[in-house]
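One structure is given below, encoded as structure tokens.
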Amino acid sequence: MDWGMKNRFSRIIRPQDGRCLMLAVDHGYFLGPTERLEDARKTIAPLLPHADSLMLTRGILRNCVPAERDVPIVLRVSGGTSIIGEDLSKETITTSIEEAIKLNVSCLALSIFVGSKYEHQTLASLAKLVDEGEKYGIPVLAVTAVGKEMARDARYLGLACRIAAELGAHVVKTYYCENFEKVVEGCPVPLIIAGGKKLPELDALKLAYDSIQHGASGVDMGRNIWQSDHPVAMVKAVKAIVHNDADVKEAYNIFLKEREKTKTEPQKAPKALSQTASFD
Ligand code: 5RP
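Residue numbers (my numbering): 16 to 295.
Written as structure tokens, this is what we have:
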């Protein structure tokens, strides 16, 4: 790795412990105003001090994150589809490398849809993005998007993650599954896990803990943090698992303690989350 690539990569996967707590707030790129992310500025602000990096689109970055904040940015550069459109897998590159450089991002993120109708298009986009990232020293995060018809098991995820790494992705985001260590074993670059649909806090902490125990380098978590009634308490609890080797009980105690401390007024309960289910 050249110096620039190494420097940016170290802003994503922290060299101190080889771990990463990425906060995902990119959901609107195909879901629109997702529950609790309607006012992204408001959602992001209290969580910023606790996340290692922020994953989002250029629109939300420009409008909802102060440029003065020194938070590493993972820029989602793929999209072009919507939840009500023809086929979610028909993604393309939506943001140029010049724009990413102007925005001073630390990493580029793009979804691949292995096994879907537009598999080839998304894999070719990944290869192109890696070429561009390599040229300018910007690492690429490949997101293994799982269509409704795919089994989210170690065989499928292992295939998708390995292909992403073979095409040159520097980090891969996937889902935790049974026999996750098999997925890790077959992927030569760091794997981080998405949180998926909102779970009770204890279950989400268990998911983060199990992922780390079985070889994940961290999390790229969204809804399980900001759809919690106590998002700051939740991000602190996840952070304890990722960076301080807390177990589930310790992390949950942090959540409970922080929840008391912040005395955050619970927002209204999330509506049925089915609107976000299609990419789970
Ligand atoms: C969607 C994404 C999301 O960022 C990702 O799924 C993480 O968010 P969550 O923890 O809410 O699943 O990449 O394609």
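Just so it is clear, CB atoms sit at the ideal spot from N, CA and C, and this is done for glycine as well. Because the structure is a prediction, the values reported are computed rather than measured.
Counting only the same chain and skipping the five closest in sequence on each side, list residues whose C-beta sits under 8 Å from that of residue i.
| i | result |
| --- | --- |
| Tyr267 | Glu216, Leu217, Leu220, Ala252 |
| Ala184 | Leu141, Val145, Val155, Leu156, Ala157, Val204 |
| Glu196 | His229, Gly230 |
| Ile269 | Ala248, Lys251, Ala252, Ala255, Ala261 |
| Glu193 | Asp168, Ala169 |
| Ile116 | Tyr151, Ile153 |
| Gly94 | Tyr44, Phe45, Thr72, Glu106, Thr107, Thr109 |
| Arg84 | Leu63 |
| Pro285 | In this prediction, Pro285 scores a pLDDT of 48, lower than 50, which makes its location untrustworthy; no coordinate-derived value is stated. |
With respect to 7 Å, is the separation between the Cβ of residue i and the closest non-hydrogen atom of the ligand 5RP below this value?
| i | result |
| --- | --- |
| Ser126 | yes |
| Val129 | no |
Residues in its own chain within less than 7 Å of residue i by CB, not counting five upstream and five downstream?
| i | result |
| --- | --- |
| Phe294 | Its pLDDT being 48, under 50, Phe294 is placed unreliably in this model, and the coordinates cannot settle the point. |
| Met165 | Gly130, Tyr171 |
| Lys254 | Leu36, His65 |
| Thr277 | His245, Val247, Ala248 |
| Thr110 | Arg73, Leu90, Val92 |
| Gly148 | Leu123, Pro154, Val155 |
How would you label residue i, buried or exposed, when you count the other beta carbons within 10 angstroms and need 16 or more for buried?
| i | result |
| --- | --- |
| Gln31 | exposed |
| Asn1 | Given that the chain is displayed from residue 16 to residue 295, the structure contains no residue 1 and the question cannot be resolved. |
| Ser97 | exposed |
| Pro64 | exposed |
| Ile28 | buried |
| Met16 | exposed |
| Lys213 | buried |
| Asp67 | buried |
| Glu50 | buried |
| Lys132 | exposed |
| Arg274 | buried |
| Gly74 | exposed |
| Pro48 | exposed |
| Ala175 | buried |
| Pro246 | buried |
| Arg34 | buried |
| Asp54 | exposed |
| Gly211 | buried |
| Arg26 | buried |
| Asp235 | buried |
| Lys188 | buried |
| Gly100 | exposed |
| Pro81 | exposed |
| Ala287 | No answer about Ala287 holds up, because its pLDDT of 39 lies below 50 and its placement is not dependable. |
| Phe24 | buried |
Return the chain-ordered list of same chain residues with a C-beta closer than 6 Å to the C-beta of residue i, the five sequence neighbours on each side being excluded.
| i | result |
| --- | --- |
| Thr72 | Asp41, Tyr44, Arg91 |
| Ser226 | Tyr191, Ile208 |
| Gly173 | Lys197, Val198, Gly201 |
| Arg56 | Cys79 |
| Val7 | No answer is possible for residue 7: it lies beyond the span of the chain, which begins at 16 and ends at 295. |
| Gly19 | Gly152 |
| Ala223 | Val234, Val253, Ile256 |
Looking at the C-beta of residue i, does it have a partner C-beta in chain E at a distance below 8 Å?
| i | result |
| --- | --- |
| Met165 | Note that chain E does not occur in the displayed structure, where there is just one protein chain. |
* **For the ligand 5RP, residues whose Cβ lies under 5 Å from any non-hydrogen atom** => Ala39, Asp41, Val158, Ala209, Gly210, Gly211, Met236, Gly237, Arg238
Practice problem: Write down every uninterrupted run of the beta strand (DSSP E) in the region 149-180 whose length is 3 residues or greater and which is fully enclosed by it, in chain order. | Solution: 155-159
*Fully enclosed by the region 41-116, which beta strand (DSSP E) runs are 3 residues long or longer?*
68-71, 88-91
Item to check | Within the region 183-209, ranges of the beta strand (DSSP E) (whole runs, at least 3 residues) | outcome: 186-189, 206-209
| message | Extract the residue ranges of the alpha helix (DSSP H) inside the region 239-284, only unbroken runs of 4 or more that lie entirely within it. | response | 246-259, 263-277
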